[in-house]
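J.: Residue numbers (the numbering used here): 1 to 225. The beta-carbon is built from N, C-alpha and C at its ideal position, and this holds for glycine as well.
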């Protein structure tokens, strides 16, 4: 049986948010796993996926070192960073990490960088390495609202995403990217947000499709535009 290691990160606390999905979803998947039916038609029937959940501070300077420490400990094949996008109707699959910090409010350390590069010597942007087309197909099958997002903003989420992709650029076999969750609602038909169970199911699909793509890569399953 093949072994796969997956690190899923989220943020510890957002001011004014009672239930933070980027905290709860990784924790739930680490407890429940991502196993499918186990039948002959399950592409991961002979794959054991170990989920490592890590909580990060909402900090420009501390979030990436904390994630890197978890990565070095777990030596993962897949890294999925997650955050909260308050205005999102459904799951937002982030396509691009931009080399920009521009905070409208301070982070947890009272740091508020304005119009500053994350890495003065780094490229303007990095593309995700997640198989977005395959993930979107799975979301459609399970009626999970989702969209492609051009970028993860200019706050801590984007800085983490950029640093993650900068690290990934030097890795031969690691797939990584960023997924933004909407607010948690009680109704599955809310106009803004999804239930926690829907968001757990969505992230489970992200993990499964990314592991499947890792096993059988296809250029058709990467969708950037």
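The beta strand (DSSP E) spanning residue 94 covers which residue range?
T.: Here residue 94 refers to the residue found at position 94 of the chain shown. Per DSSP, residue 94 belongs to the beta strand (DSSP E) from 91-94.
J.: Spell out a yes or no on whether the segment 117-136 and the segment 203-212 are touching, meaning 3 or more CB-CB pairs, one atom from each, closer than 8 angstroms.
T.: Yes, the segment 117-136 is in contact with the segment 203-212.
J.: For residue 98, which beta-bridge partners are listed by DSSP?
T.: For the purposes of this step, residue 98 is taken as residue 98 along the chain shown, with counting starting at 1. In the DSSP output, where bridge partners are listed per residue, residue 98 has 125.
J.: Among residues of its own chain, excluding the 5 on either side of residue 92, which ones have a beta-carbon nearer than 6 angstroms to its beta-carbon?
T.: Position 92 of the chain shown, counted from the first residue, corresponds to residue 92. For residue 92, where only same-chain residues beyond five positions count, the Cβ hits under 6 angstroms are 85, 147, 149 and 180.
J.: In this structure, does DSSP put residue 60 in helix, strand or coil?
T.: Position 60 of the chain shown, counting from 1, holds the residue named residue 60. Looking at residue 60 - three-state DSSP - the assignment turns out to be coil, as it is neither helix nor strand.
J.: Inspect the CB distances between the segment 5-25 and the segment 46-56 and report whether three or more fall short of 8 angstroms.
T.: Touching, per the Cβ criterion.
J.: CB-CB under 6 angstroms to residue 30, same chain, minus the five flanking residues each way: which ones, in chain order?
T.: In the chain shown, counting from the first residue as 1, residue 30 sits at position 30. For residue 30, where only same-chain residues beyond five positions count, the Cβ hits under 6 angstroms are 51 and 53.
J.: What's the gap between the Cα of residue 169 and the Cα of residue 214?
T.: Locating residue 169 in the chain shown gives position 169, where the first residue counts as 1. Locating residue 214 in the chain shown gives position 214, where the first residue counts as 1. Computed Cα separation, rounded: 16 angstroms.
J.: Determine the extent of the alpha helix (DSSP H) in which residue 6 is found, giving its start and end residues.
T.: Along the chain shown, one-based indexing puts residue 6 at 6. Looking at the DSSP string, residue 6 is not in any alpha helix (DSSP H); the run it does join, the beta strand (DSSP E), is 2-11.
J.: The beta strand (DSSP E) with residue 176 in it runs from where to where?
T.: By 1-based counting over the chain shown, the position of residue 176 is 176. Its beta strand (DSSP E) spans residues 175-181.
J.: Is it the case that the Cβ atoms of residue 144 and residue 198 are separated by a distance below 8 angstroms?
T.: Along the chain shown, one-based indexing puts residue 144 at 144. Along the chain shown, one-based indexing puts residue 198 at 198. In this structure, residue 198 lies closer than 8 angstroms to residue 144 by Cβ.
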